[in-house]
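Asker: Please read through the structure below; I'll follow up with questions.
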Amino acid sequence: MVSNESAKADALRQEVRNWLRENLPKGWGTPEYVLPEPYSKESHERGKEWTKKLYDAGYTGFGYPKEYGGIERPPEEIAIIRQEMARTGTPGGPLSLGLLVAAPTILSHGEEWQKKRFIPKVLNGEESWCEGFSEPDAGSDLANVQTTAVRDGDEWVINGQKCWTSMWEFADWGLLVARTEPDAPRHRNLSYFLFDTTTPGFSRRPLRQMSGEAEFGEMFFDDMRVPHKNMMSEQGRGWYVAMTALQHERSGGGAFFGGAGGADLAGLSDRRSAAIESAVDLAKNTRRYGKVVWEDDVFRQRIAQFAIEAQAMRWSGARITAKLRKGIPFGNEASVVKNFQAEMRERRGDMAMEILGAYSQLVRGSRRAVDEGDWVYDMLRSRGSTIEMGTSEINRNIIAERILGLPR
Amino acid sequence: MEFTLNEEQEMLKTMARDFLANECPKTLVRELMEDEVGHSPELWKKMAEVGWLGLVFPEEYGGAGMSFRDLTILCEEMGRAMLPGPFLSTLFLVGLPILSAGTEEQKKEYLPKIANGEMVCTLAALEEDGDLWAQGIQLKAVQRGDDYIIDGTKLFVPDAKAADYILVAARTQRTADPEEGITLFLIDTTEWGIYATLLKTMDETRKQYEVVFNKVAVPARNIIGELNKGWPVIKDVALKTTAALCAEMVGGGEWVLETTINYAKDRIAFGVPIGSFQIIKHKCADMYSALEYARSLMEWAAEAIKEDSPDAPTAVSMAKSYCGDAYRIVTDHGVQIHGGIGFTWDHDMHLYFKRARSSDTAFGDSNYHRELIARQLD
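Those protein sequences? They're chains G and W, same order as listed.
Counting in the working numbering, the first sequence tops out at residue 408, every number present.
Counting in the working numbering, the second sequence tops out at residue 786, every number present.
Structure representation (structure tokens):
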């Protein structure tokens, strides 16, 4: 709460604000700033540059020891920095998957050389990551991975296909789950690899989704060779590494929420508050049958509910942080957070369509589209949010079985 | 903001849970449901002995000097145990306003008596329209010498038959601003001219009454707070009691979830525990999620009140709105997952189902508080 902040906190807040003012791209937050095409090369490069700037200023790279390139600051300072960044809606960049999944997974399962080699370059924005989990026949049933890895001397030979790969096009490195022991029981037959996307035998192509763009891709492995030392954890333990990676991803709320990462959701929720403000603005600026939508009790109630849920998320994030500080682990709870966010996003998208009426049909690029068609896009895109990173149904199973102890 | 309990708070919680498990079993709850007064003086005495009735009063007034957050920990356990009787009425509706608005003399006279269990109290605020707002307070108090004469009817007065004193919100002046001209009088219920009649309520663990005041004379020194300035005191009472209700709702909801999970593990249908069916799992997951977020908002509200933060009204409205919805959904699923047994009178599930409804209505329901939040976005 602002009223209780010490002078030191105020000074840091001011410092971050000044820094952002000087360093944010020209025109940021105004119509004159033109976002690069999402998922384009340019967007990817700008993301790398921005992460480097943040890192050099000491505003990212938290939660990691110094020897792996981490920037150590007290949690209160980190919260302030994230809040300030969220407030201005700073660019997240395509590197969030590295921060969200690769770095924390390598930290918990990697060998010493892997931590020293890979984590610093995630934190400073030098290298970007993608992950190869899902396959055409392994979605919710992720253990049904068919991509194979066969040992050949000091190397593994990978063959198979992955799909729904975020950051597929420009990622420098990839995480990969492949079947290493065809005869071992389920969950003990997979291994986890780190692979360089310039390796011969690797290819990729776009996977176009219902919202129109190709945010995701497909990856193909045709006798791709990966050195044995790039296996993470032990052979046959890949499933467990993948589960850790997924928890990191869910607790971070997914790449599409951008940059906050980890379980400290304070910054993230402030960002959602900006999403509330935009819904209020939409309702205030839209008339239906001659009446301002914001004066309609039905919509007032629904928008207020989003404001309440955003605060609920914020304080749940604070509770999780408090537990982490006490050493109480945060694992399956990620499924609660993920579902809550994803389902909220869907409802918000649906509500916007109801407010927009006939204009809800006009997509990005159309004449007369409201807010450049972003509401329509977000409503469509939100359909993926309840599927990716574990469907809402899989997450409910996790909550019921692993938190509440109901029988499998 | 502290979001984990300290050692002392953990002890308070454990002690409260054990105490209520021993002293307030469901047999007692059901006994009091059948009773017109709904109050157990024996249990009350024990609650006074463990220091609950004066928990947040300073030690000079016979209290334990603990924090508002500590008090809500007790409320969680009370909601869980479905404690009947006048705890909220006595402590929140009357004790806290005396503490915040009473004169030194009044505090010295009444607070130690509340703390040691001698004085059961309640607040009479609502009237015929059933809403807690300044316009709703029409019951008149007219000055006559050193006394005021109270004349009129109050509705939905909790615990009136158990109460030794009723704090009455009355209109002492008619002005353009309805929030002006309201005064709070502390009335001894043994005075002549007070008639309480039970209103048979759905939630029988919380007794409510129609109370008629027939030209009851109250000395001016029994005014709590300032003459004509009673409304801000009522608003403060509402703020704190609403936070207490949220704590009760979260505690009660957690009982419902745990009871339902156990049932889903034990109940066999089609040869397997019903908890192995995804449709049951998913309802349980939704109950858990609703309670997690309800707890986050409730704890925020409790901390905000404890710290006297300007965010407190926002936090309380958000918490009440969310907890009200959550408790209703959780009890809906609780009854449904229990199936036939959950629909019986004998099973305790309906007590929680009904408490969820009465708690939602009290001090503004979810829709009301959502509208208050919408106004902040105007």
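Note that CB positions come from ideal geometry on N, CA and C, so glycine has one too.
Assign VAL337 of chain G to one of three DSSP states: helix, strand, or coil.
Answerer: helix
Asker: Give the secondary structure of THR88 of chain G by DSSP, where H, G and I count as helix, E and B as strand, and everything else as coil.
Answerer: helix
Asker: Which parts of the region 109–155 of chain G are runs of the beta strand (DSSP E), unbroken and 3 residues or longer, counting only runs that do not cross its ends?
Answerer: 129–132 and 148–152
Asker: Go through its chain and collect everything with a Cβ distance to VAL375 of chain W's Cβ below 7 Å, but skip five positions before and after it.
Answerer: Examination of residue 375 of chain W is not possible in this model, given that chain W is present from 409 through 786 alone.
Asker: Can ALA523 of chain W be considered in contact with the ligand FAD, in the sense that its beta carbon sits closer than 7 Å to one or more heavy atoms?
Answerer: The ligand FAD is not part of the structure shown, which contains no ligands of any sort.
Asker: State the DSSP-derived secondary structure class of PHE678 of chain W, mapped to helix, strand or coil.
Answerer: coil
Asker: Between ARG675 of chain W and ILE669 of chain W, what straight-line distance do the alpha-carbon atoms span, to the nearest angstrom?
Answerer: 10 Å
Asker: Answer with yes or no whether the minimum CB distance from VAL336 of chain G to chain W is below 8 Å.
Answerer: yes
Asker: Could you list the residues in the region 675–691 of chain W with a C-beta less than 8 Å from some C-beta on chain G, going in chain order?
Answerer: VAL680, PRO681, GLY683, SER684, GLN686, ILE688, LYS689 and HIS690
Asker: At 7 Å on the CB atoms, spell out the chain G contacts of TYR357 of chain W, in chain order.
Answerer: As shown, chain W starts at 409 and ends at 786. That puts residue 357 of chain W outside it, with no answer to give.
Asker: Could you tell me the distance, in whole angstroms, from the CA atom of VAL793 of chain W to the CA atom of ALA570 of chain W?
Answerer: Outside the displayed span of chain W (409 to 786) sits residue 793 of chain W, for which this structure offers no information.
Asker: Specify, as a first and last residue, the run of the alpha helix (DSSP H) that GLN543 of chain W falls within.
Answerer: Run containing GLN543 of chain W: none; DSSP gives neither H nor E here.
Asker: Can you tell me whether GLY61 of chain G is buried or exposed, with buried defined as 16 or more other CB within 10 angstroms of its CB?
Answerer: buried
Asker: In chain order, what residues of the same chain have a beta carbon less than 6 Å from the beta carbon of TYR776 of chain W, not counting five sequence neighbours either side?
Answerer: none
Asker: Expressed to the nearest angstrom, what Euclidean distance is found between the alpha-carbon atoms of SER385 of chain G and LEU176 of chain G?
Answerer: Going from the Cα of SER385 of chain G to the Cα of LEU176 of chain G covers about 22 Å.
Asker: Can you have a look at ARG319 of chain G and say buried or exposed, based on whether 16 or more other CB atoms are within 10 angstroms of its CB?
Answerer: buried
Asker: Does the separation of the CB atoms of SER278 of chain G and ASN339 of chain G fall below 8 Å?
Answerer: Taking 8 Å as the Cβ cut-off, SER278 of chain G and ASN339 of chain G do not qualify as a contacting pair.
Asker: Exposed or buried, ASP567 of chain W, counting other C-beta atoms within 10 Å across all chains shown (16 or more means buried)?
Answerer: buried
Asker: So which residues on chain G does GLU779 of chain W lean against when the C-beta distance must stay under 9 Å?
Answerer: ASP297, ARG300, GLN301 and ALA304
Asker: For ALA509 of chain W, collect the residues of the same chain with a Cβ closer than 7 Å to its Cβ; drop the 5 residues on either side in sequence, then sort them by chain order.
Answerer: ILE632, GLY633 and VAL641
Asker: What number of angstroms, rounded off, separates the C-alpha of ALA584 of chain W from the C-alpha of GLN543 of chain W?
Answerer: CA-CA distance, ALA584 of chain W to GLN543 of chain W, rounds to 11 Å.
Asker: Interface residues of chain G around TYR671 of chain W at Cβ under 7 Å?
Answerer: Neighbours of TYR671 of chain W on chain G: none; closest Cβ ~11 Å, over 7 Å.
Asker: Do you know how far the Cα of VAL241 of chain G is from the Cα of HIS187 of chain G?
Answerer: 11 Å
Asker: Do we get a CB-CB distance below 8 Å when we pair LEU705 of chain W with the residues of chain G?
Answerer: yes
Asker: Could you tell me which of G:ILE308, G:ALA171, G:VAL370 and G:THR321 sits nearest to LYS41 of chain G, measuring between CA atoms?
Answerer: G:ALA171
Asker: Answer with buried or exposed for THR649 of chain W, where buried requires no fewer than 16 other C-beta atoms within 10 angstroms of its C-beta.
Answerer: buried
Asker: For THR30 of chain G, does the three-state DSSP call read helix, strand or coil?
Answerer: coil
Asker: Hey, does TRP315 of chain G have any beta-carbon neighbour from chain W nearer than 8 Å?
Answerer: Interface annotation, TRP315 of chain G: in contact with chain W, CB-CB separation under 8 Å.
Asker: Exposed or buried, LYS623 of chain W, counting other C-beta atoms within 10 Å across all chains shown (16 or more means buried)?
Answerer: exposed
Asker: Work out the CA separation of THR598 of chain W and TYR617 of chain W for me, nearest whole Å.
Answerer: Taking the straight line from one Cα to the other gives about 16 Å.
Asker: Taking only runs that begin and end inside the region 167–214 of chain G, name each unbroken alpha helix (DSSP H) of 4 or more residues, in chain order.
Answerer: Fully enclosed alpha helix (DSSP H) runs of 4 or longer: not present.
Asker: Is the Cβ-Cβ distance between PHE216 of chain G and THR147 of chain G less than 8 Å?
Answerer: no
Asker: Considering only the alpha carbon of each residue, which of G:GLY357, G:PHE330 and G:GLU372 lies closest to TYR289 of chain G?
Answerer: G:GLY357
Asker: Find the nearest neighbour of ILE81 of chain G within the set G:ARG383, G:LEU404, G:ALA102 and G:GLY58, judged by alpha-carbon distance.
Answerer: G:GLY58
Asker: Over what stretch of residues does the alpha helix (DSSP H) that includes ASP10 of chain G continue unbroken?
Answerer: 7–23
Asker: Return no unless some Cβ of chain G is closer than 8 Å to the Cβ of TRP708 of chain W.
Answerer: yes
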